[in-house]
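Same order as they appear, the protein sequences are chains A and B. Heads up, the first sequence is in the UniProt record's numbering, so the first residue is 1 and it goes up one at a time. Heads up, the second sequence is in the UniProt record's numbering, so the first residue is 1 and it goes up one at a time. Cβ atoms here follow ideal geometry from the backbone N, Cα and C, with glycine treated the same way. The structure appears below as structure tokens.
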Amino acid sequence: WLVIAVGLVRAYLAKGSYHSLYYSIEKPLKFFQTGALLEILHCAFGIVPSSVVLTAFQVMSRVFLTWAVTHSVKEVQTEDSVLLFVVAWTITEIIRYSFYTFSLLNHLPYLIKWARYTLFIVLYPMGVSGELLTIYAALPFVRQSGLYSISLPNKYNFSFDYYTFLILIMISYIPIFPQLYFHMLHQRRKVLSHTEEHKKSE
Amino acid sequence: RRHKPSAPEHKRDFAAHGGALSGSHNDTRSFFNFSQLVLSAGHLKSPPVLKHSKVTYFEVEILDVQSKRQICIVDKVPPSSTLLDVKQKFHKACPQWYPSRVGLQLERNGPYLKDSISIQSLAVSSIITLYFTDLGQQVSWTTFFLTEYTGPLLIYLLFYIRLSTIYDQVESTKNFRHPVVHLACFCHCLHYIRHLLETLFVHKLSGGHTPLKNMIQGCAFYWGFTSWIAYYINHPRYTPPSFGHRQVSFAALAFLMCEAGNHFINVALAQQKHSGSKACFPSPTYNPFTWLFLLVSCPNYTYEVGSWISFTVMTQTLPVGIFAFLMVIQMSLWARKKHKLYLKRFYPEVRRKAAMIPIIF
């Protein structure tokens, strides 16, 4: 993710504008975001104590956006909303993985813990906005090209409309986003106040 | 509270004496409680002088599992009563919690105690402490199954009659409907009507209850999937199976056989002479459909899976296939659990049998 961050900065400095930066980090983004699928396996095999369902949910939504929206609908790759969610993801992931690494080394600086449980307040809505705007931008192109859609009649009597599917995904953000956001806020209160008490008792 | 004197003669006199003194009334009563507790706790043998039998009543203290606050005390519980009697008395004291909604545990993280447990077996002293959890709104198993099966029956018929709001009316009236569509409707209705009749007349449902949440989830699954599959089968642009009449006839025959098989297995399971601890593994009768008992420990699941796979082949519709696939997974999980139970209880007979699919699983 640092690779992606550095790539973004370099491209920005080289081009002079922040438009169409997706192309400079397309491959590392795909590689590392898809690699996050391993996290689901870690939970499934019990190496990591998190819930499989929650992790799967989060990783699959990211992978869906990377491949099924941004990669598949080429016309949205020049949108600014792509940069919005890429930046949000990059910063979040750098902090998250540092948090895990330092925790495993039993040497977690308070700054990283604070950053992980505080910066999401800005980054999470930023990422969600970027994602929603990208999906919204992709809609007309999906409708036009009939991407990933099957219509009747066909031998297996099945139909699927990718356009409607994307709209349903956008609607599903409405109940899910507040739940996750308030859960993180609750975690923040628990973790950061616990550390303060710990410090005071020391 | 009036206490029935269960202590020996001299204590009874003392209590009467204590009752007369209004000033020290409470002290005497609490001393009487305490003495009764000590006596019954110590399991002292009653002296042979006693002419009446000693009946120790228990008191059940019910605490809330999370706050540990005392909700109420159920007193005068005879030792021969079961947990269900306690729950009913608790219901009288706190009317909002009817017995099937009450979950009682001995320790805070222990298992929920069964209704049939006798108070005697739980008692360490004359006061028993139990932790209460509200299990939520409950529905009886009969209601659960009736709702779950009536929904798909009606929903499929709504799609079959091609309501104008679902399908385009012009296309619907124009198109010729392949006979397999009518056959599919008949088979689907047959399946659910059979389930409904079995729930009403064949299955011996224990009269237990299940949380309302389970019913809502089950209904959402069945009703949702039925809507999805009915939409495609009854669609004006439905494509009949690739191998034509041969495929349809073969699949329909298999479906009817599986339905009959499922029915006979359910009847055989319900007609078992003994139940509970004396139950034995059902044995095959002269009926050829029950011969699957020789190969498999849960043939009812085998036949159910068979029905849905035949239905998929008959209609050649991918959504039906997806539904059948999910049913296979669900039935396999249930069959595996049941098979493990059977292995424990009926070891020698069940050893060589598979759980659901002969030889394979």
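Closest to residue i by CA distance: which of the options is it?
| i | options | result |
| --- | --- | --- |
| Ile25 of chain A | A:Val48, A:Ile169, A:Thr118 and A:Thr70 | A:Thr70 |
| Phe293 of chain B | B:Val139, B:Gln120, B:Pro282 and B:Tyr286 | B:Pro282 |
| Leu83 of chain B | B:Tyr231, B:Gln105 and B:His209 | B:Gln105 |
| Phe32 of chain A | A:Ala115, A:Ile121, A:Tyr136 and A:Thr66 | A:Thr66 |
| Ile163 of chain A | A:Leu8, A:Asn157 and A:Tyr136 | Rather than Ile, the amino acid found at residue 163 of chain A in this sequence is Tyr. Of the candidates A:Leu8, A:Asn157 and A:Tyr136, the one whose C-alpha sits nearest the C-alpha of Tyr163 of chain A is A:Tyr136. |
| Trp228 of chain B | A:Phe182, A:Phe158, A:Tyr181 and A:Ser193 | A:Phe158 |
| Val3 of chain A | A:Lys30, A:Ser17, A:Tyr18 and A:Ala68 | A:Lys30 |
| Ser126 of chain B | B:Ile322, B:Val74 and B:Pro284 | B:Val74 |
| Arg108 of chain B | B:Ser206, B:Gln120, B:Arg69 and B:Ser80 | B:Arg69 |
| Ser332 of chain B | B:Ala355, B:Ala93, B:Thr239 and B:His182 | B:Ala355 |
| Cys298 of chain B | B:Phe323, B:Thr142, B:Gln330 and B:Ala335 | B:Ala335 |
| Val86 of chain A | A:Leu38, A:Gln144, A:Gln179 and A:Tyr23 | A:Tyr23 |
| Tyr192 of chain B | B:Ala220, B:Gln138, B:Glu259 and B:Leu183 | B:Glu259 |
| Tyr181 of chain A | A:Val73, A:Glu196 and A:Tyr124 | A:Tyr124 |
| Arg89 of chain A | A:Tyr148, A:Ser61, A:Trp114 and A:Glu79 | A small correction: the amino acid at residue 89 of chain A is Trp; Arg does not occupy that position in the sequence shown. Closest by alpha carbon: A:Ser61. |
| Ile357 of chain B | B:Glu349, B:Pro348, B:Val328 and B:Lys340 | B:Val328 |
| Ala123 of chain B | B:Thr173, B:Lys213 and B:Ser80 | B:Ser80 |
| Val202 of chain B | B:Met215, B:Gln271, B:Pro236 and B:Leu154 | B:Gln271 |
| Tyr238 of chain B | B:Thr290, B:Asn175, B:Ile117 and B:Val296 | B:Asn175 |
| Val296 of chain B | B:Ile322, B:Leu183 and B:Lys340 | B:Lys340 |
By DSSP's criteria, residue i is part of a beta bridge. Which residues make up the other side?
| i | result |
| --- | --- |
| Pro72 of chain B | Checking the sequence, you will find Cys at residue 72 of chain B rather than Pro. For Cys72 of chain B, which the question treats as bridged, DSSP gives the partners B:Ile62. |
| Gly35 of chain A | Per DSSP, none; premise fails for Gly35 of chain A. |
| His188 of chain B | His188 of chain B pairs with nothing; no bridge assigned. |
| His235 of chain B | None, per the DSSP bridge assignment. |
| His209 of chain B | B:Ser140 |
| Gln179 of chain A | Gln179 of chain A pairs with nothing; no bridge assigned. |
| Ile150 of chain A | A:Phe160 |
| Gly130 of chain A | The partner list for Gly130 of chain A (beta bridge, DSSP) is empty, contrary to what the question assumes. |
| Gln105 of chain B | B:Tyr112 and B:Tyr131 |
| Ser118 of chain B | B:Thr82 |
| Ala354 of chain B | B:Val296 |
| Val77 of chain B | B:Phe58 |
Please confirm whether residue i has its beta-carbon closer than 7 Å to some beta-carbon of chain A.
| i | result |
| --- | --- |
| Ser22 of chain B | Per-residue confidence for Ser22 of chain B stands at a pLDDT of 46, beneath the threshold of 50, marking its modelled position as unreliable; the derived number appears in the next sentence. It does not; no Cβ of chain A falls within 7 Å. |
| Arg1 of chain B | Caution is warranted here: a pLDDT of 44 is assigned to Arg1 of chain B, below 50, making its placement in the model unreliable, and no coordinate value can be reported. |
| Arg352 of chain B | no |
| Leu154 of chain B | no |
| Ser6 of chain B | In this predicted model, Ser6 of chain B has a pLDDT of only 44, less than 50, meaning its place in the structure is not dependable enough to derive any value. |
Can you find a C-beta in chain B that's less than 7 Å from the C-beta of residue i?
| i | result |
| --- | --- |
| Ser149 of chain A | no |
Query raised in the report: Mind listing which residues of the region 153-169 of chain A have their C-beta closer than 7 Å to chain B's C-betas, in chain order?
Result: Pro153, Asn154, Lys155, Tyr156, Asn157 and Phe158
Requested in this report: May I ask you to list, following chain order, the residues of the region 208-240 of chain B that have a beta carbon less than 8 Å from some beta carbon of chain A?
Outcome: Tyr232, Ile233, His235, Arg237, Tyr238 and Thr239
**Report entry** Residues in the region 306-318 of chain B having any Cβ partner in chain A nearer than 8 Å
**Finding:** Thr315, Gln316, Thr317 and Leu318
Requested in this report: Would you check if the region 242-251 of chain B and the region 305-320 of chain B touch, i.e. whether three or more CB-CB distances between them fall below 8 Å?
Outcome: yes
Query - At least 3 beta-carbon pairs within less than 8 Å: the region 137-156 of chain B vs the region 185-201 of chain B - result: yes
Requested in this report: Take every Cβ of the region 55-75 of chain B, pair it with every Cβ of the region 128-142 of chain B, and state whether three or more of those distances are shorter than 8 Å.
Outcome: yes
**Report entry** Given 8 Å, three or more beta-carbon pairs between the region 124-134 of chain A and the region 186-201 of chain A
**Finding:** no
Report task. Could you run through the region 160-173 of chain B and flag, in chain order, every residue whose CB is less than 7 Å away from some CB of chain A? Result -> none
Report task. Say whether the region 108-119 of chain A touches the region 91-99 of chain A, bearing in mind that this needs 3 or more beta-carbon pairs closer than 8 Å, one atom from each stretch. Result -> yes
Query - Contact list for the UniProt domain "TECR-like N-terminal" (58-134) of chain B against chain A, Cβ threshold 8 Å - result: none
Query - the region 214-233 of chain B in contact with the region 255-274 of chain B per 3-pair CB rule at 8 Å - result: no
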